[in-house]
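Peer 1: Order-wise, the sequence lines are chains G and S.
In terms of our numbering, the first sequence has 173 at position 173, counting the first letter as 1, and numbering is strictly consecutive.
In terms of our numbering, the second sequence has 1002 at position 2, counting the first letter as 1, and numbering is strictly consecutive.
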Amino acid sequence: MKEHCSDELLSSYLDGDPTPAEAGLVAEHVAACPVCRKALSELRRVRDVSARLGQIEPPDHTWHRIQSRLEHERSRPAAARLPAWPWIGVPALAAAAALVAFLLGRWPAPAGQNRDVHTREQVANEYQEYVRGIDKAMSECEAALAENPGNARVQDAYQSARASRTGALDRLVSGGD
Amino acid sequence: MKRGNPGRPRPSKDGEVHSTAELTEQARLPGTALDFEDLYRQYKAKVFSTAYRMLSNHADAEDVTQDIFVKVFQKLPTFRGDSAVSTWIYRIAVNACLDFRRRRKRHETVPLNDEAEQVSVGLNLGRLIEGVIPKMPAGYREVFVLHDIQGLKHEEIGKILGITDGASKSQLHRARAFLRRELAPYLSDRPWLKEV
């Protein structure tokens, strides 16, 4: 190696990154070249001092402020916290309503004994009400989880509500049986 | 009894008594016995140091540290253990710092608490390095802070920053070369300079 080593190569050499063959070439060059030896020594010094700069503690009041912010979050209305759950809530309700409206046009005409008392509009309305009820329950779960994300019981209730909602929509799609 | 908890129960608007500590003690890291306050105490200095050195300003670092721990709290239930807790927290921290910098459109030239101007007082190499960090190009700086100061491995840094190990190493070596160039007058002519 006739050229001086770049600082990047010397830094890499310091960390033991080059292959043994490359490292051998660098070592040989550094042993013979005072310029690169000085550069290597300075890079080592910079690296070692950086490692000793240490951690800086945040001000004591930081914890209090974090707690205040969490408390403030908790006191906000559930609707204001909905963006944390973008895939459910209002968009889900709108999607359910749109789906029900779409299916109204496809619902088979009432037939047989059971359909005598339920027009297709009535059945669809019942499902719509049912899905709305589930959505309301899910919203309440979201609010509770925003206050206490680790609450396993609420998490279970939320999953159960989601499953009920999916099942209701599946039954609606399959003809309500 | 939690250490240093400020949370004496106090009445809320709805008349119920809530403890500020209650909220955080109930939030646990899934699969561990750590609650949110434990996490805060364990990682506060690491997070604040990282934010301080990435943002070059004490007040901004404090604001962002609050943002980071609020995010950690909100994301606790979603932590799946795919990475180490420290990697997960650092990822949230670094992303918050980068977002903050983008929002403020602040350039990388703000000295750390005017350290650069204060170096003549109590001069030492550590303070000189702190003064050069804000001048480092973005990209170098994150890797340098995480590796050489915070002591993370390139593999972890790759996961945090979404880059390869090789890219992390390359940025680090450029950062050190940059530091050496910036500090050349002090490194060459003042071997007596105290280190930290």
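The beta-carbon is built from N, C-alpha and C at its ideal position, and this holds for glycine as well.
From a predicted model like this one, the values you see are computed outputs, not experimental measurements.
From the beta carbon of G179(G), is the nearest beta carbon of chain S less than 9 Å away?
Peer 2: Here chain G comprises residues numbered 1 to 177, so residue 179(G) is not present and cannot be evaluated.
Peer 1: Under a CB-based cut-off of 9 Å, is R37(G) close to chain S?
Peer 2: Chain S, which has no Cβ nearer than 9 Å to the Cβ of R37(G), makes this no.
Peer 1: Relative to the C-alpha of D1038(S), which residue among Q122(G), S41(G), W63(G) and V49(G) is closest?
Peer 2: Of the listed residues, the one whose Cα sits closest to D1038(S) is W63(G).
Peer 1: Going along chain G in order, which residues have a C-beta closer than 7 Å to the C-beta of Y1052(S)?
Peer 2: Those within 7 Å of Y1052(S) in chain G are I56.
Peer 1: Beta-carbon separation of R1070(S) and L70(G) under 9 Å?
Peer 2: First, the amino acid is wrong: residue 1070(S) is Val here, not Arg. Contact flag set, yes.
Peer 1: Applying a beta-carbon distance threshold of less than 8 Å, which residues of chain G neighbour Y1040(S)?
Peer 2: Here the neighbours are W63 and I66.
Peer 1: Assuming V1094(S) and E1142(S) make a contact with CB atoms under 8 Å, what is their CB distance in whole Å?
Peer 2: 6 Å between Cβ atoms; contact.
Peer 1: Is the shortest distance between the beta-carbon of G132(G) and the beta-carbons of chain S less than 9 Å?
Peer 2: At residue 132(G) the sequence reads Arg, which differs from the Gly that was named. No - not a single Cβ of chain S is within 9 Å of the one on R132(G).
Peer 1: By DSSP, does E1195(S) sit in helix, in strand, or in coil?
Peer 2: Reduced to three states, the DSSP call for E1195(S) is coil.
Peer 1: Does the beta carbon of T1065(S) come closer than 9 Å to any beta carbon on chain G?
Peer 2: It does: the Cβ of T1065(S) has a partner Cβ on chain G nearer than 9 Å.
Peer 1: Would a C-beta distance cut-off of 9 Å place V1160(S) and L1152(S) closer than the cut-off?
Peer 2: The amino acid at residue 1160(S) is misidentified as Val; the sequence shows Ile. Yes; because the gap between Cβ atoms is below 9 Å, this pair is in contact.
Peer 1: With the cut-off set at 9 Å, would you say L53(G) and I1149(S) are in Cβ contact?
Peer 2: Contact: yes.
Peer 1: Rounded to a whole number of angstroms, what is the C-alpha to C-alpha distance between A1096(S) and Y127(G)?
Peer 2: Rounded to the nearest angstrom, the two C-alpha atoms are 43 Å apart.
Peer 1: What are the complete alpha helix (DSSP H) segments, minimum 4 residues, inside the segment 1053 to 1105 of chain S?
Peer 2: Here the runs fully enclosed are 1058 to 1075 and 1085 to 1104.
Peer 1: Name the chain G residues that come within less than 9 Å of E1155(S), Cβ to Cβ?
Peer 2: Residues of chain G passing the Cβ test: none, with the nearest at roughly 13 Å.
Peer 1: Straight-line CA distance for A21(G) to H29(G)?
Peer 2: Between A21(G) and H29(G), the C-alpha separation is close to 13 Å.
Peer 1: Provide the residue span of the alpha helix (DSSP H) that contains A1167(S), from first to last.
Peer 2: Residues D1165 to E1182.
Peer 1: Short of 6 Å in beta carbon distance, which residues of its chain neighbour Y1090(S), apart from the five on each side in sequence? Order them along the chain.
Peer 2: The answer, listed in chain order, is I1160.
Peer 1: Could you check whether R45(G) and L1125(S) sit closer than 9 Å to each other, using their CB atoms as the reference points?
Peer 2: Their beta carbons are under 9 Å apart, which means L1125(S) touches R45(G) by this criterion.
Peer 1: Does V26(G) have its Cβ less than 9 Å from a Cβ in chain S?
Peer 2: For V26(G), the answer is no, since every Cβ of chain S falls outside 9 Å of its Cβ.
Peer 1: With a threshold of 9 Å between beta-carbons, can D135(G) be considered close to chain S, or not?
Peer 2: So, not an interface residue.
Peer 1: State buried or exposed for G1131(S), treating a residue as buried only when at least 16 other CB atoms are found within 10 Å of its CB.
Peer 2: G1131(S) comes out buried.
Peer 1: Taking only three categories from DSSP, how would you classify N125(G)?
Peer 2: Note: N125(G) maps to helix in three-state DSSP.
Peer 1: List the whole-angstrom C-beta distance separating W1088(S) from F1100(S), where the pair is believed to meet the contact cut-off of C-beta under 8 Å.
Peer 2: At roughly 19 Å, the Cβ-Cβ gap does not stay under 8 Å, so W1088(S) and F1100(S) are not in contact.
Peer 1: Can you confirm whether Q122(G), when its beta carbon is compared against all beta carbons of chain S, has any partner nearer than 9 Å?
Peer 2: Judged by the 9 Å Cβ criterion, Q122(G) is not in contact with chain S.
Peer 1: Rounded to the nearest angstrom, what separates R1181(S) and M1136(S) at their Cα positions?
Peer 2: Each residue's Cα considered, the two are about 11 Å apart.
Peer 1: Determine the DSSP secondary structure at T166(G), reduced to helix, strand or coil.
Peer 2: Looking at T166(G) - three-state DSSP - the assignment turns out to be helix.
Peer 1: Can you tell me where the alpha helix (DSSP H) with I1157(S) in it begins and where it stops?
Peer 2: Start and end: H1154 to L1161.
Peer 1: Cutting at 7 Å between CB atoms, please list the residues of its own chain near S12(G), excluding the five before and the five after it.
Peer 2: For S12(G), where only same-chain residues beyond five positions count, the Cβ hits under 7 Å are P18.
Peer 1: Does DSSP classify C36(G) as helix, strand or coil?
Peer 2: The answer is helix: DSSP assigns C36(G) an H, G or I state.
Peer 1: Suppose contacts are defined by Cβ-Cβ distances below 9 Å. Is P34(G) in contact with A1061(S) by that definition?
Peer 2: No, Cβ-Cβ distance for P34(G) and A1061(S) is not below 9 Å.
Peer 1: Are the Cβ atoms of S1170(S) and G1158(S) separated by less than 9 Å?
Peer 2: No, these two residues do not count as a Cβ contact at 9 Å.
Peer 1: Indicate whether at least one CB of chain G lies closer than 9 Å to the CB of E1108(S).
Peer 2: Interpretation of E1108(S) is limited by its pLDDT of 48, a score under 50 that renders its predicted location unreliable; no figure is taken from the coordinates.
Peer 1: Classify K136(G) as buried or exposed, calling it buried when 16 or more other Cβ atoms lie within 10 Å of its own Cβ.
Peer 2: Exposed: under 16 other Cβ atoms inside 10 Å.
Peer 1: I'd like to know if S1188(S) contacts chain G, where contact means its C-beta is closer than 9 Å to some C-beta of that chain.
Peer 2: Yes, contact with chain G.
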